[in-house]
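S.K.: In the UniProt record's numbering, the protein residues as written are 1 to 280. Questions regarding the structure given below will be posed in turn.
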Amino acid sequence: MSLSLSTGDLAAPVLRPPRPAARAEPPSPVARPEPPAPVATTVRVERRAGRAVVDLRRGALAPYLLDDDGRTVRVALVAAGALLLGGDDVRVRVHVGAGAALELVETSGTVAYDGRGRGARWRVDVVVEDGGVLVWDAQPFVVASGADVDRGTTVRLGAGAVACLRETLVLGRSGEAGGRLRTALRVDGPGGPVLVEDLHLDGARPEPGVLGGHRVLDQVVLAGRRPDPGPVPAGRGAPTVLALEEPGAVARRLGDEVHRVALTDVAAAWCVQAGRQHAG
1 MSLSLSTGDL
11 AAPVLRPPRP
21 AARAEPPSPV
31 ARPEPPAPVA
41 TTVRVERRAG
51 RAVVDLRRGA
61 LAPYLLDDDG
71 RTVRVALVAA
81 GALLLGGDDV
91 RVRVHVGAGA
101 ALELVETSGT
111 VAYDGRGRGA
121 RWRVDVVVED
131 GGVLVWDAQP
141 FVVASGADVD
151 RGTTVRLGAG
161 AVACLRETLV
171 LGRSGEAGGR
181 LRTALRVDGP
191 GGPVLVEDLH
201 LDGARPEPGV
211 LGGHRVLDQV
221 VLAGRRPDPG
231 PVPAGRGAPT
241 VLALEEPGAV
251 ARRLGDEVHR
261 VALTDVAAAW
271 CVQAGRQHAG
């Protein structure tokens with residue numbers, strides 16, 4: 001028996017286009033953990049039943065209790081490591097309770113080093129409750145060439161509270177022009193702002209209307225009371241003393257060398273006056 005097949009007897013094969021290759025999906029982005037918040041150096045002083053209650057917490061600065069004479073608590077601030085480097089974020093919180101008095105002592109100045117393209121932050125938050133006193137005669141803050149620092153200080157004063165603060169800003173170490181510094185200071189009293197300052201400095205691009213050709217700014221701020229009346233130094237090199245609308249004053253001096261600019265006498269007198277108000 002023979003079998004014959006014609007082309008009509010065979011079904012034509014069905015040709016399907018090849019399936020497109022599955023498109024590779026981009027990998028899901030892996031959420032990077034947020035860097036931990038910087039640990040703030042905390043100094044808290046309160047008066048309870050006539051005794052001082054002191055709470056000290058270590059951050060980039062280590063606080064140490066120096067003395068408590070029954071009226072004023074003295075606390076030293078010591079760098080807990082190398083400061084200030086690129087990427088550092090230093091936080092300091094100071095709280096003076098009602099009727100308490102605190103003196104902060106710095107054992108050495110601070111140098112902001114070349115951050116190699118990374119900025120550094122320095123934040124201080126101060127609260128002085130009703131009738132409290134804060135004295136902080138700070139050591140020089142030096143901004144070396146290559147450093148880029150954002151520095152800010154806020155102070156809130158209660159009724160009858162007094163703060164005496166000193167800051168000495170230095171552009172560059174010996175032989176250096178200095179880096180960049182943005183510094184802000186705000187002091188508020190019960191009735192509103194007492195002093196608001198915002199200063200931008202760049203050692204590589206000095207501005208005539210800011211520091212001019214100088215590299216050192218020494219400043220003492222007394223807020224919450226006015227300085228005792230007395231003769232105001234005059235003449236070349238004398239500090240500029242500005243009376244604030246709210247009770248307080250600012251003394252400033254510009255120069256090229258810290259030891260020649262230093263407002264040591266003004267700081268000592270005003271800090272004593274602040275403490276005397278508390279004693280009274």
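Even for Gly, the Cβ is constructed at its ideal location relative to N, Cα and C.
So, is R260 buried or exposed, given that buried needs 16 or more other C-beta atoms within 10 angstroms?
M.R.: Exposed: under 16 other Cβ atoms inside 10 Å.
S.K.: Can the beta-carbon of V162 be found less than 8 Å from the beta-carbon of V187?
M.R.: Contact: no.
S.K.: Between the Cα of P247 and those of A267, T264 and R226, spot the shortest distance and give me the residue it belongs to.
M.R.: That would be R226, whose Cα lies nearest to the Cα of P247.
S.K.: Under 8 Å: do the segment 144 to 159 and the segment 67 to 75 share three or more Cβ pairs, one atom per stretch?
M.R.: Taking 8 Å as the limit for Cβ pairs, the verdict is that the segment 67 to 75 does not touch the segment 144 to 159.
S.K.: I need the straight-line Cα distance from D150 to T183, nearest angstrom please.
M.R.: So the two alpha carbons sit approximately 6 Å from each other.
S.K.: Measuring CB to CB, does E167 end up less than 8 Å from A100?
M.R.: Cβ atoms of E167 and A100: not closer than 8 Å.
S.K.: Please classify P140 as buried or exposed, where buried requires at least 16 neighbouring CB atoms within 10 angstroms.
M.R.: Burial call: buried.
S.K.: Quick check on DSSP: helix, strand or coil for T214?
M.R.: This sequence places His at residue 214; Thr is not what is there. Correct three-state label for H214: coil.
S.K.: For the alpha helix (DSSP H) holding R260, just list the boundary residues, first then last.
M.R.: Here the alpha helix (DSSP H) through R260 covers V258 to V261.
S.K.: My output table needs one value for T110: the three-state DSSP class, helix, strand or coil.
M.R.: Here T110 sits in strand by DSSP.
S.K.: If I measure Cβ to Cβ from L211 and keep anything under 8 Å in the same chain, skipping five residues before and after, which residues do I get?
M.R.: Answer for L211: L171, L201, L217 and L254, listed in chain order.
S.K.: According to DSSP, G119 sits in a beta bridge with which residue or residues?
M.R.: Partner(s): none; G119 has no beta bridge.
S.K.: For V142 versus T110, is the C-beta distance shorter than 8 Å?
M.R.: Their beta carbons are under 8 Å apart, which means V142 touches T110 by this criterion.
S.K.: Among A52, A120 and D125, which residue has its Cα nearest to the Cα of H95?
M.R.: Among A52, A120 and D125, the Cα nearest to that of H95 belongs to D125.
S.K.: E103 bridges to which residues according to DSSP?
M.R.: R74 and V135, per the DSSP bridge assignment.
S.K.: Can you give me the start and stop residues for the beta strand (DSSP E) that E246 sits inside?
M.R.: Premise fails: E246 is in no beta strand (DSSP E) and is neither H nor E.
S.K.: Taking 8 Å as the threshold (C-beta atoms), are A37 and L61 in contact?
M.R.: No, the pair does not count as a contact, with Cβ atoms beyond the cut-off.
S.K.: Which partner residues of G189 appear in the DSSP bridge assignment?
M.R.: Per DSSP, G192.
S.K.: What do you get for F242, buried or exposed, if any count of 16 or more other CB atoms within 10 angstroms of its CB means buried?
M.R.: Just to set this straight, residue 242 is Leu in the shown sequence, not Phe. Its Cβ having fewer than 16 others within 10 Å, L242 is exposed.
S.K.: Taking the CB atoms as reference points, tell me whether R118 and G86 lie closer together than 8 Å.
M.R.: Contact: yes.
S.K.: In chain order, what residues of the same chain lie with their CB nearer than 6 Å to the CB of R57, ignoring the 5 residues before and after it?
M.R.: Cβ neighbours of R57 beyond the five flanking positions: T42.
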